[in-house]
Amino acid sequence: GEYEAALVVGADGVNSLVRRTFGKPLSREDVCICFGALVPGRVSMPMALRFYEGFMGYAWIFPREEATAVGIALSAGADRKREVLVGKLREFVNEKWERAGLEPPELGRPWAWLLPSLRYQTFQEQEICGEGWALIGDAAGAADPLTGEGIYYAIKTAHLLAEALMNNKMAVYPALFRSLAEQSIAKVSKVRE
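Written as structure tokens, this is what we have:
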């Protein structure tokens with residue numbers, strides 16, 4: 426159907442239709458691909474991260490109360506073949522489980538998702554709002570370029586946009602976004618390599 430609105434807010438993720446319609450989509454070099462799984466049951470092991478030489482990304486194991494999150498992420502347009510990344514993830518998980526004296530878990534077919542991982546140049550040049558549209562969260566590229574953490578930024582950018590709208594000053598949203606991101610997202614994007 427057709428709808429009329431004074432403002433369209435893109436809160437629709439890294440492949441934002443709003444971003445592609447009104448602005449410029451994120452390039453492959455500004456997106457991180459992740460594969461992960463939840464291993465059921467509680468395990469007694471520490472949180473673990475592994476960074477690989479020549480590999481712009483990392484693998485993780487985050488034990489939780491009822492399950493352990495495991496995953497691997499790779500950014501900056503490198504070799505993103507599923508079998509390569511999932512193979513690295515399985516090796517990492519098996520090694521850590523064996524080191525803890527546990528039988529390595531079956532990961533099945535890990536799920537995949539994309540996260541924004543902006544290069545500094547993209548961060549500097551991107552538009553996050555215009556006449557009748559605005560972007561927040563992953564759609565705005567608001568995630569830590571190294572870890573992919575985005576929940577805080579999704580909530581914070583929504584708050585900043587709401588603040589600008591409540592004050593009838595939509596034009597200040599880019600400056601509010603930039604002041605938030607300059608202290609975190611932009612700083613990390615400058616040094617992540």
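Heads up: the sequence shown begins at 426 in our numbering, then just goes up one per residue. By construction, the Cβ of each residue, glycine as well, lies at the ideal position given by its N, Cα and C atoms. Given the structure is predicted, the values throughout are model-derived calculations rather than measurements.
Q. Taking 8 Å as the CB-CB limit, is Val-433 close to chain B?
A. Protein chains in the displayed structure number just one, and chain B is not present.
Q.
Contact defined as beta carbons within less than 8 Å: I believe Phe-554 pairs with Ser-500. What is the distance between those atoms, to the nearest angstrom?
A. Translated into positions along the sequence shown, residue 554 becomes position 129. Translated into positions along the sequence shown, residue 500 becomes position 75. The sequence given here places Cys at residue 554; Phe does not occur at that position. In fact, because the Cβ distance is near 25 Å, the residues do not count as touching under 8 Å.
Q | Tyr-545: first and last residue of the uninterrupted alpha helix (DSSP H) it sits in | A | For the purposes of this step, residue 545 is identified with residue 120 of the sequence shown, where counting begins at 1. Start and end: 545-550.
Q.
Between which residues of its own chain and Gly-496 is the CB-CB distance below 8 Å, once the five residues before and five after are set aside?
A. On the sequence shown, position 71 is the one that residue 496 refers to. Counting only Cβ-Cβ distances below 8 Å, and skipping sequence neighbours, we find Cys-459, Phe-460, Gly-461, Ala-462, Ala-484, Trp-485, Leu-514 and Pro-535.
Q) Do the segment 556-571 and the segment 525-535 meet, that is, are 3 or more Cβ pairs less than 8 Å apart? A) no
Q. From what residue to what residue does the alpha helix (DSSP H) around Pro-599 run?
A. Here residue 599 is taken as the residue at index 174 of the sequence shown, counted from 1. It spans 598-607 - the alpha helix (DSSP H) in which Pro-599 sits, taken as one unbroken run.
Q: Taking Lys-521 as the reference, give the member of Phe-480, Val-468 and Val-439 with the closest Cα.
A: Position 96 of the sequence shown, counted from the start, is the residue given in the question as residue 521. Closest option to Lys-521, Cα to Cα, is Val-468.
Q.
Beta-carbon within less than 6 Å of Phe-487's beta-carbon, same chain only, minus the 5 sequence neighbours each way: which residues are those?
A. Start at 1 with the first residue of the sequence shown, and residue 487 comes out as number 62. So the list reads Met-472 and Ala-494, once near-sequence residues are dropped.
(Q) Among the candidates Val-434, Ala-431, Val-439 and Tyr-428, whose CA atom is the shortest distance from the CA of Leu-543? (A) Position 118 of the sequence shown holds residue 543. If we check each option's Cα against that of Leu-543, Val-439 comes out closest.
**Q.** Residues sharing a beta bridge with Val-464, DSSP
**A.** Here residue 464 refers to the residue found at position 39 when the sequence shown is read from its first residue. Partner(s): Thr-493.
Q) So, using beta-carbon positions, are Glu-455 and Thr-572 closer together than 8 Å? A) Against the sequence shown, residue 455 aligns to sequence position 30. Against the sequence shown, residue 572 aligns to sequence position 147. The question names Glu, but residue 455 is Asp in the sequence shown. The answer is no: Cβ separation not under 8 Å.
Q.
Less than 8 Å between the beta carbons of Glu-556 and Gly-448, yes or no?
A. Position 131 of the sequence shown, counting from 1, holds the residue named residue 556. Position 23 of the sequence shown, counting from 1, holds the residue named residue 448. Cβ atoms of Glu-556 and Gly-448: not closer than 8 Å.
Q. Helix, strand or coil: how does DSSP classify Gly-533 here?
A. Residue mapping note: residue 533 aligns to position 108 of the sequence shown, counting from 1. Correct three-state label for Gly-533: coil.
Q: Please report how far the alpha carbon of Met-481 lies from the alpha carbon of Tyr-578, in whole angstroms.
A: Within the sequence shown, the letter at position 56 stands for residue 481. Within the sequence shown, the letter at position 153 stands for residue 578. Their Cα atoms are separated by approximately 22 Å.
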